[in-house]
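*Asks:* Chains A and B supply the protein sequences, listed in that same order.
Throughout the first sequence, residue numbering follows the working numbering, covering 24 to 355 in sequence.
Throughout the second sequence, residue numbering follows the working numbering, covering 24 to 355 in sequence.
Would you mind keeping the following structure in view while I ask a few things?
Protein chains: 2
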Amino acid sequence: MRVKYEEMKDEFKRVLLKEGFSEQAANEAAKIFADNSLDGVYSHGVNRFVRVIEFIEKGYINPSAVPEKVSTLGALERWDGNLALGVLTARKCMDRAMELATDYGIGCVALRNTNHWMRGGEYGWQAANNEFIGICWTNTLPNMPAWGAKDSRIGNNPIILALPRKDGPVVVDMAMSQFSYGRIETTRMEEKELPVHGGYDIQGNLTKDPNAIEETGRVLPIGFWKGSGLSILLDLIASVLADGNTTNDIGKFDDEHALSQVFIAISKEQLGNSSELEQKINESVQYIKDSEPVSSDTEVYYPGERTMKTRIENTRMGIPVKEEIWEEIKSL
Amino acid sequence: MRVKYEEMKDEFKRVLLKEGFSEQAANEAAKIFADNSLDGVYSHGVNRFVRVIEFIEKGYINPSAVPEKVSTLGALERWDGNLALGVLTARKCMDRAMELATDYGIGCVALRNTNHWMRGGEYGWQAANNEFIGICWTNTLPNMPAWGAKDSRIGNNPIILALPRKDGPVVVDMAMSQFSYGRIETTRMEEKELPVHGGYDIQGNLTKDPNAIEETGRVLPIGFWKGSGLSILLDLIASVLADGNTTNDIGKFDDEHALSQVFIAISKEQLGNSSELEQKINESVQYIKDSEPVSSDTEVYYPGERTMKTRIENTRMGIPVKEEIWEEIKSL
Numbered sequence: 024m025r026v027k028y029e030e031m032k033d034e035f036k037r038v039l040l041k042e043g044f045s046e047q048a049a050n051e052a053a054k055i056f057a058d059n060s061l062d063g064v065y066s067h068g069v070n071r072f073v074r075v076i077e078f079i080e081k082g083y084i085n086p087s088a089v090p091e092k093v094s095t096l097g098a099l100e101r102w103d104g105n106l107a108l109g110v111l112t113a114r115k116c117m118d119r120a121m122e123l124a125t126d127y128g129i130g131c132v133a134l135r136n137t138n139h140w141m142r143g144g145e146y147g148w149q150a151a152n153n154e155f156i157g158i159c160w161t162n163t164l165p166n167m168p169a170w171g172a173k174d175s176r177i178g179n180n181p182i183i184l185a186l187p188r189k190d191g192p193v194v195v196d197m198a199m200s201q202f203s204y205g206r207i208e209t210t211r212m213e214e215k216e217l218p219v220h221g222g223y224d225i226q227g228n229l230t231k232d233p234n235a236i237e238e239t240g241r242v243l244p245i246g247f248w249k250g251s252g253l254s255i256l257l258d259l260i261a262s263v264l265a266d267g268n269t270t271n272d273i274g275k276f277d278d279e280h281a282l283s284q285v286f287i288a289i290s291k292e293q294l295g296n297s298s299e300l301e302q303k304i305n306e307s308v309q310y311i312k313d314s315e316p317v318s319s320d321t322e323v324y325y326p327g328e329r330t331m332k333t334r335i336e337n338t339r340m341g342i343p344v345k346e347e348i349w350e351e352i353k354s355l
Numbered sequence: 024m025r026v027k028y029e030e031m032k033d034e035f036k037r038v039l040l041k042e043g044f045s046e047q048a049a050n051e052a053a054k055i056f057a058d059n060s061l062d063g064v065y066s067h068g069v070n071r072f073v074r075v076i077e078f079i080e081k082g083y084i085n086p087s088a089v090p091e092k093v094s095t096l097g098a099l100e101r102w103d104g105n106l107a108l109g110v111l112t113a114r115k116c117m118d119r120a121m122e123l124a125t126d127y128g129i130g131c132v133a134l135r136n137t138n139h140w141m142r143g144g145e146y147g148w149q150a151a152n153n154e155f156i157g158i159c160w161t162n163t164l165p166n167m168p169a170w171g172a173k174d175s176r177i178g179n180n181p182i183i184l185a186l187p188r189k190d191g192p193v194v195v196d197m198a199m200s201q202f203s204y205g206r207i208e209t210t211r212m213e214e215k216e217l218p219v220h221g222g223y224d225i226q227g228n229l230t231k232d233p234n235a236i237e238e239t240g241r242v243l244p245i246g247f248w249k250g251s252g253l254s255i256l257l258d259l260i261a262s263v264l265a266d267g268n269t270t271n272d273i274g275k276f277d278d279e280h281a282l283s284q285v286f287i288a289i290s291k292e293q294l295g296n297s298s299e300l301e302q303k304i305n306e307s308v309q310y311i312k313d314s315e316p317v318s319s320d321t322e323v324y325y326p327g328e329r330t331m332k333t334r335i336e337n338t339r340m341g342i343p344v345k346e347e348i349w350e351e352i353k354s355l
């Protein structure tokens, strides 16, 4: 089935109000969950909403908590999320990073004790929509083996980079694992293979078989040793900047919460770039799009382009959602 | 053969002085080329030195040029490399980013018209050795196809993240291609296969065969679409911040020069972290190292650990170099 954006957002808001969020907070959070779904990231939108409500009821997320500034070094501030709703805290921290960037050229907020931010790309788009370059990342619980290891001791720690552009922001939103566990599960349920190797089977061979990967839990870091290394650095830097939990710490909790995140913003407007540079950037994007495609029926996309297409399609046709999931949300 | 560190450094310095560098510049640059070699990155140390001298003689690198500050927004400065020697300019810009970080908590220098920085990790180690967290990246000429494309229109744009630590800095230095062209060439000459897929053959299949990849030029981005997207963003953000050339622009030149780079630093000391946090970081690193290895004869390393091992080994035994390369340098 498909549900119209406004209807979905209203439904989320209704439930969040019931959970004790203020009118404003419920509205803003509902918008983020609906936007993530509109942009096609259902796993961190409509399909995750029920679990977020469960986290509230388990006490991991505190609807009345307010994030607070802990300390400042000028362009770099440290905040404590106080276990408020992750999506609201992340929005607030990117907002604050943009304010700092307006004052100092670059702004950085390091955040501890926050909850899952759902789709990290949300905060990249937030920056880009406000004419800021945005860079942000999060740590998470141990869900991926380090390079050379069998057991999961590092996180898939997504990083987001976003560049504003009149003809459509350029945004990359990527976890350090080749595929999410959600994607592997969906592929298994559809009885399909992953498009490329996604992990290792019990014999230690690379495989596209979702069953085999679920059996070992050995998901593949992007670029093998490279994604493993990048994941470790993103985790440790976030923890040091925020004085917050590492992936190792988070793995000791009952469930994924009290994470560390970093938000960096730079005002594109203040850079005072010429229209010539603007044109060069557009030419670069077009140059990439004009690559010779691997087959005649494919197209080369710039990062963020397909998100825009999905957004337009879902706005027109409604957001796809499984009936049982939608019924469950309506019953909350 | 192996050459002692001091002897190699002195030889580099002799040649650089002959090329018109000042005593101080020749000394500093010689140290960087020798350090890169000492750390095992021969491709961007001793093996690249002759080509750098050629670039000077072709006029791409100007030995007497001095990088200059173009503009400032406080914690973010824009510099012009004026086509000075890339390694010296990169050092200077990371130094400046650290100064800005001391004043503002975070510092960023965006650099245009610079030359190849050789091993990007150098500037990560530079930051870490001074108790700063360092993040930096560069763009380059088009040398990798975007995801879904056959022809090379994006760069392999390396990114470096570095964290200071008493027991050894944690440093990742990674290009966006799974393997460098240099590595593919070496593997071909040794008549070996790459350890994992490194690109595509003429039939469009993934392959470990270096010959097949050199035939198509289709090297693989790390994580397929992910490394492709990250490469595009790193390039465009560097160009926008520095008001400098994009990968597309650089591809129009006769050879690789006038690049754009970004240097970000954060003072770890100023963060005022507790010794408890220090311990947590060490525990995290140890937790990763204590992973169950994929086989009984392998070890799990943290990023930067093997560099330290190589450094110690090459300090003791001398730096490995092919006799003909060393003779060529001595004849310069």
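Every residue gets a Cβ at the ideal spot worked out from N, C-alpha and C, and that includes glycine.
(1) For glutamine 284 of chain A, which beta-bridge partners are listed by DSSP?
(2) What residues from chain B crowd round isoleucine 156 of chain A, counting only those whose CB sits closer than 8 Å?
(3) In chain B, what lies closer than 7 Å to aspartate 174 of chain A by C-beta?
(4) Note down, in chain order, every chain A residue with its Cβ under 9 Å from the Cβ of glutamine 201 of chain B.
(5) Do glutamine 284 of chain A and alanine 113 of chain A come within 8 Å of each other at the CB atom, strictly closer than that value?
(6) Assuming arginine 101 of chain A is part of the alpha helix (DSSP H), what are its boundary residues?
(7) Could you please give the first and the last residue of the uninterrupted alpha helix (DSSP H) stretch that includes isoleucine 207 of chain A?
(8) Out of A:Lys41, A:Asp174, A:Glu328, A:Ser254, which one is the CA nearest neighbour of threonine 239 of chain A?
(9) Glutamate 227 of chain B: buried (16+ other C-beta within 10 angstroms of its C-beta) or exposed?
(10) Step through the CB atoms of chain B and report whether any lies within less than 8 Å of the CB of proline 326 of chain A.
(11) Quick check for students: name the residue ranges of the alpha helix (DSSP H) that lie wholly in the region 241-289 of chain A, counting only runs of 4 or more.
(12) Please name the residues in the region 222-241 of chain B whose beta-carbon is closer than 7 Å to at least one beta-carbon of chain A, in chain order.
(13) If I'm right that serine 307 of chain A touches asparagine 180 of chain B with Cβ under 8 Å, what's the distance once you round it to whole angstroms?
(14) Once you ignore the five residues that flank asparagine 153 of chain A on each side, which residues in its own chain have a CB closer than 7 Å to its CB?
(15) Nearest-angstrom Cα distance between leucine 259 of chain B and isoleucine 158 of chain A?
(16) Glutamate 145 of chain B to valine 110 of chain B, Cα distance in whole Å?
(17) With the cut-off set at 8 Å, would you say methionine 31 of chain A and isoleucine 348 of chain A are in Cβ contact?
(18) Closest Cβ-Cβ distance between threonine 321 of chain A and chain B: below 8 Å?
(19) Helix, strand or coil, according to DSSP, for lysine 115 of chain B in the structure here?
(20) With DSSP collapsed to three states, give me the class of isoleucine 182 of chain B.
(21) Should glutamine 302 of chain A go down as buried or exposed, given a rule of 16 or more other Cβ atoms within 10 Å for buried?
(22) Quick one, are the C-beta atoms of isoleucine 84 of chain B and leucine 99 of chain B less than 8 Å apart?
(23) Closer than 9 Å between beta carbons: that is the criterion. Which residues of the region 116-129 of chain A meet it against chain B?
(24) How about methionine 141 of chain A and arginine 71 of chain A: are their beta carbons less than 8 Å apart?
(25) Say whether the region 191-209 of chain B touches the region 240-256 of chain A, bearing in mind that this needs 3 or more beta-carbon pairs closer than 8 Å, one atom from each stretch.
(26) Which chain A residues sit within Cβ distance under 9 Å of glutamine 293 of chain B?
(27) What did DSSP end up calling serine 314 of chain A once you bin it into helix, strand or coil?
(28) Can we count valine 69 of chain B as close to the ligand NAD, meaning its CB is less than 7 Å from some heavy atom?
(29) Of all Cβ atoms in chain B, is any one closer than 8 Å to the Cβ of leucine 164 of chain A?
(30) Kindly indicate which three-state DSSP category proline 233 of chain B falls into: helix, strand or coil?
(31) Looking at C-alpha atoms only, which residue of A:Pro233, A:Asn59, A:Phe155 is the closest neighbour of glycine 143 of chain A?
*Replies:* According to the structure shown:
(1) Looking up residue 284 of chain A in the first sequence gives position 261. The partner list for glutamine 284 of chain A (beta bridge, DSSP) reads A:Leu134, A:Thr161.
(2) Within the first sequence, the letter at position 133 stands for residue 156 of chain A. Ile260, Val263, Leu264, listed in chain order.
(3) Position 151 of the first sequence holds residue 174 of chain A. In chain order: Ser314, Glu315.
(4) Along the second sequence, one-based indexing puts residue 201 of chain B at 178. Ordered by position in chain A, the residues that pass the 9 Å Cβ test against glutamine 201 of chain B are Gly246, Phe247, Lys249.
(5) Along the first sequence, read from residue 1 onward, the residue named residue 113 of chain A stands at position 90. Along the first sequence, read from residue 1 onward, the residue named residue 284 of chain A stands at position 261. A contact, by the Cβ cut-off of 8 Å.
(6) Here the question's residue 101 of chain A lines up with position 78 in the first sequence. Taken as a continuous stretch (DSSP letters only), arginine 101 of chain A belongs to no alpha helix (DSSP H), being part of the beta strand (DSSP E) at 99-103.
(7) Along the first sequence, read from residue 1 onward, the residue named residue 207 of chain A stands at position 184. Run containing isoleucine 207 of chain A: 204-212, per the alpha helix (DSSP H) assignment.
(8) Numbered from 1 along the first sequence, position 216 holds the residue referred to as residue 239 of chain A. Nearest C-alpha to threonine 239 of chain A: A:Asp174.
(9) If you number the second sequence from 1, residue 227 of chain B lands on position 204. With the sequence shown as reference, residue 227 of chain B is identified as glycine, and glutamate is not the correct amino acid for it. Its Cβ having fewer than 16 others within 10 Å, glycine 227 of chain B is exposed.
(10) As a position in the first sequence, residue 326 of chain A is number 303, starting the count at 1. Closer than 8 Å: yes.
(11) 248-265, 270-273
(12) Gly227
(13) Sequence index remark: in the first sequence, residue 307 of chain A carries index 284 (1-based). Sequence index remark: in the second sequence, residue 180 of chain B carries index 157 (1-based). No, serine 307 of chain A and asparagine 180 of chain B are not in contact; Cβ-Cβ is about 13 Å, not under 8 Å.
(14) Within the first sequence, the letter at position 130 stands for residue 153 of chain A. Met121, listed in sequence order.
(15) On the second sequence, position 236 is the one that residue 259 of chain B refers to. On the first sequence, position 135 is the one that residue 158 of chain A refers to. Those two C-alpha atoms are separated by around 13 Å.
(16) Indexing the second sequence from 1 puts residue 145 of chain B at position 122. Indexing the second sequence from 1 puts residue 110 of chain B at position 87. Approximately 9 Å between the Cα atoms of the pair.
(17) Taking the first sequence and counting its residues from 1, the one referred to as residue 31 of chain A is at position 8. Taking the first sequence and counting its residues from 1, the one referred to as residue 348 of chain A is at position 325. No, Cβ-Cβ distance for methionine 31 of chain A and isoleucine 348 of chain A is not below 8 Å.
(18) Mapped onto the first sequence, residue 321 of chain A falls at position 298. So yes, threonine 321 of chain A belongs to the interface.
(19) Locating residue 115 of chain B in the second sequence gives position 92, counting from the first residue. DSSP places lysine 115 of chain B in helix when its eight states are reduced to three.
(20) Position 159 of the second sequence, counted from the first residue, corresponds to residue 182 of chain B. Here isoleucine 182 of chain B sits in strand by DSSP.
(21) Indexing the first sequence from 1 puts residue 302 of chain A at position 279. Exposed, because fewer than 16 other Cβ atoms sit within 10 Å of the Cβ of glutamine 302 of chain A.
(22) On the second sequence, position 61 is the one that residue 84 of chain B refers to. On the second sequence, position 76 is the one that residue 99 of chain B refers to. Result no, Cβ atoms of isoleucine 84 of chain B and leucine 99 of chain B do not sit closer than 8 Å.
(23) Along the region 116-129 of chain A, the positions whose C-beta sits under 9 Å from a C-beta of chain B are Leu123, Ala124, Asp126, Tyr127, Gly128, Ile129, read in chain order.
(24) On the first sequence, position 118 is the one that residue 141 of chain A refers to. On the first sequence, position 48 is the one that residue 71 of chain A refers to. In this structure, arginine 71 of chain A lies closer than 8 Å to methionine 141 of chain A by Cβ.
(25) yes
(26) Position 270 of the second sequence holds residue 293 of chain B. In chain order: Leu96, Leu99.
(27) Position 291 of the first sequence, counted from the first residue, corresponds to residue 314 of chain A. Three-state DSSP puts serine 314 of chain A in coil, outside helix and strand.
(28) Absence of the ligand NAD from the depicted structure is noted, as is the absence of any ligand whatsoever, leaving it without description.
(29) For this step, residue 164 of chain A is matched to residue 141 along the first sequence. Judged by the 8 Å Cβ criterion, leucine 164 of chain A is not in contact with chain B.
(30) Numbered from 1 along the second sequence, position 210 holds the residue referred to as residue 233 of chain B. Proline 233 of chain B: helix per DSSP, three-state reduction.
(31) Within the first sequence, residue 143 of chain A is the residue found at index 120, counting from 1. Nearest option by C-alpha distance: A:Asn59.
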